[in-house]
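Visitor:
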Amino acid sequence: MFEAFWASFVVLVVIVDPVALVPIFIALTQGLDDGLARRIALRGPLISFVVLLVFAYGGERLLATLGIGTPAFRIAGGLLLFTIAFEMLFEKRGARKEGVADRAARSDEDSLDLAAFPLAVPLISGPGAIASVVLLMEQYGSSWRGQAAVIGAVATTLLLTFLMLRASAPVQRVLGRTVINTLSRVLGIIVAALAVQIVVTGITSIYPP
1 MFEAFWASFV
11 VLVVIVDPVA
21 LVPIFIALTQ
31 GLDDGLARRI
41 ALRGPLISFV
51 VLLVFAYGGE
61 RLLATLGIGT
71 PAFRIAGGLL
81 LFTIAFEMLF
91 EKRGARKEGV
101 ADRAARSDED
111 SLDLAAFPLA
121 VPLISGPGAI
131 ASVVLLMEQY
141 GSSWRGQAAV
151 IGAVATTLLL
161 TFLMLRASAP
171 VQRVLGRTVI
181 NTLSRVLGII
191 VAALAVQIVV
201 TGITSIYPP
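Quick note: the sequence shown uses the UniProt record's numbering, first residue 1, plus one each step.
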């Protein structure tokens with residue numbers, strides 16, 4: 001159970017990348033009072049947990065309804081993760097996320113819930129996180145212990161995300177943008193290797209060696 005939890009936690013932390021969310025959260029909440037920023041920092045991960053929980057238990061059934069096999073989803077998920085890794089390595093991911101945040105800031109503020117969009121979706125529980133949760137449940141969810149390990153990893157990752165967002169201002173002052181970008185690139189290498197492994201697993205499921 002611990003092995004499943006640890007493997008799932010590493011994958012989700014790499015994909016969600018709480019450290020890289022810090023400067024974006026600061027940009028999103030700029031000009032808001034501290035109380036409102038704290039509520040946004042709490043609600044964003046909570047909404048993300050609900051989204052990922054739904055896909056954890058309903059994602060495989062949805063795939064079956066659409067006639068999509070697990071190997072095909074593995075290959076597609078791996079390619080998606082590799083795209084995310086490419087963006088992380090060449091600093092395109094941050095620019096894309098900041099673009100989403102900027103578009104949200106320019107929309108009607110009275111009807112916009114920053115915690116739900118863009119913080120929860122797509123910045124925290126984006127396509128990469130959703131695909132990862134579905135794949136992890138497919139890999140470890142055959143027993144209740146495996147399911148508990150994956151859901152526990154999701155909860156722990158989102159708790160870490162909340163703590164990072166809650167302490168976003170001092171974290172950014174301590175680390176600085178250069179360190180944050182460096183960490184994002186290192187994590188990008190890990191994501192790329194993980195993506196290749198997922199694609200290889202999907203291919204070998206269709207064409208066994």
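Even glycine gets a Cβ: it sits at the ideal position worked out from N, Cα and C.
Determine the extent of the alpha helix (DSSP H) in which Pro18 is found, giving its start and end residues.
Guide: Translated into the one-based positions of the sequence shown, residue 18 becomes position 18. Segment 18 to 28, the alpha helix (DSSP H) holding Pro18.
Visitor: So what's Leu80 in DSSP terms, helix, strand or just coil?
Guide: Reading the sequence shown from its first residue, position 80 is the one you call residue 80. It is helical.
Visitor: What is the DSSP secondary structure of Val10, counted as helix, strand or coil?
Guide: As a working note, residue 10 is residue 10 in the sequence shown. Helix at Val10.
Visitor: Suppose the cutoff is 6 Å on Cβ atoms and the five residues either side in sequence are ignored; what does the same chain contact list for residue 210 look like?
Guide: No statement about residue 210 is possible, as the shown extent of the chain runs from 1 to 209 and does not include it.
Visitor: Can you tell me where the alpha helix (DSSP H) with Ala155 in it begins and where it stops?
Guide: On the sequence shown, residue 155 is found 155 positions in, with the first residue counted as 1. First-last of the alpha helix (DSSP H) with Ala155: 144 to 166.
Visitor: Helix, strand or coil for Ile189, going by three-state DSSP, please let me know.
Guide: In the sequence shown, counting from the first residue as 1, residue 189 sits at position 189. Correct three-state label for Ile189: helix.
Visitor: Count the other CB atoms, across all protein chains shown, that sit within 10 Å of the CB of Pro18; report buried if there are 16 or more and exposed otherwise.
Guide: Counting from 1 along the sequence shown, the entry for residue 18 is found at position 18. Counting Cβ neighbours within 10 Å, Pro18 comes out buried, since at least 16 surround it.
Visitor: Any contact of the segment 27 to 39 with the segment 134 to 152, i.e. 3+ C-beta pairs under 8 Å?
Guide: Short answer: they don't touch.
Visitor: For Ile15 and Arg145, what's the separation of their Cα atoms in angstroms?
Guide: Translated into the one-based positions of the sequence shown, residue 15 becomes position 15. Translated into the one-based positions of the sequence shown, residue 145 becomes position 145. Cα to Cα, the separation comes out at about 23 Å.
Visitor: Give the DSSP-derived three-state secondary structure of Ser205 in the structure shown.
Guide: Taking the first residue of the sequence shown as position 1, residue 205 is located at position 205. Helix, per DSSP.
Visitor: Is Gly146 near the ligand ATP, with its Cβ less than 6 Å from a heavy atom?
Guide: This structure lacks the ligand ATP, and indeed carries no ligand of any kind.
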